[in-house]
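Residue numbers (UniProt numbering): 1 to 211.
Have a look at the structure below before the remarks.
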């Protein structure tokens, strides 16, 4: 069973429609659940005045791509259909950390969110499975920086999430290859300086910005 955690802003007034922020946790598609971002979600609701719903999904190795994407689609459909939640349907934002950032950009391309999500806020997302971990490690902008801990387990996560024969440039798997019109119109992407995922995030944002 998948759980969701719901956070109201402290100044919420009954009957008021709230902008919605959908949060997707990280964990390399392998660990974590809806509650791991509770502190972040509380702070986000308090500081933005948004209704925050933190989502969950089934994880690898038992549930490779695209299971998590469609788990999230089903949950989001339920959230948007829940009349007890004071959601402003014209103000929907989605976001997530690492694997969660990947999934946020993935589900944004599918109903019920395609065309409805106004913005995405993604932190150090995985956006390109088309290049294997050694290539990403070798292309780190600062190869003399601290050891990238993600690099030590990247092969295992890649093996667990992507099935043999899967098209690695499928936009649902690798949002880097998505058409701009299939993604949210506003994307705020945060990447870490020494992260092996930094370059792909930077290149994706430059491409979307037409740079």
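The C-beta atom is built at its ideal place from N, Cα and C for all residues, glycine as well.
Extent of the continuous alpha helix (DSSP H) run through residue 106: The continuous alpha helix (DSSP H) containing residue 106 extends over residues 99 to 107.
Straight-line Cα distance separating residue 167 from residue 51: 36 Å
Between the beta-carbon of residue 191 and the beta-carbon of residue 203, is there less than 8 Å? Contact check for residue 191 against residue 203 fails: the beta carbons are separated by 8 Å or more.
Put residue 179 into one of helix, strand or coil per three-state DSSP. coil
On the three-pair Cβ rule with 8 Å, is the region 73 to 85 touching the region 35 to 48? Judged by Cβ distances under 8 Å, the region 73 to 85 makes no contact with the region 35 to 48, as fewer than three pairs qualify.
Is residue 195 near the ligand NAD - that is, is its Cβ less than 7 Å away from at least one heavy atom of it? Summarising the ligand content, the structure contains no ligands, and the ligand NAD is consequently not present.
When you compare each of 178, 14, 75, 63 to residue 24 by their alpha carbons, which one comes out closest? 75
Confirm, please, whether the CB-CB distance from residue 162 to residue 64 is below 8 Å. Closer than 8 Å, so yes.
Is it true that the region 94 to 108 meets the region 18 to 33, where meeting means three or more beta-carbon pairs spaced less than 8 Å apart? yes
Hey, could you find the ends of the beta strand (DSSP E) residue 191 is sitting in? No beta strand (DSSP E) contains residue 191, which DSSP labels as neither H nor E.
Starting from residue 53 and walking both ways along the beta strand (DSSP E), at which residues does that stretch end? 51 to 55
Give the secondary structure of residue 161 by DSSP, where H, G and I count as helix, E and B as strand, and everything else as coil. Assigned with DSSP and collapsed to three states, residue 161 falls in helix.
Could you spell out where the alpha helix (DSSP H) holding residue 65 opens and where it closes? It is not in any alpha helix (DSSP H) - residue 65 carries neither H nor E in the DSSP assignment.
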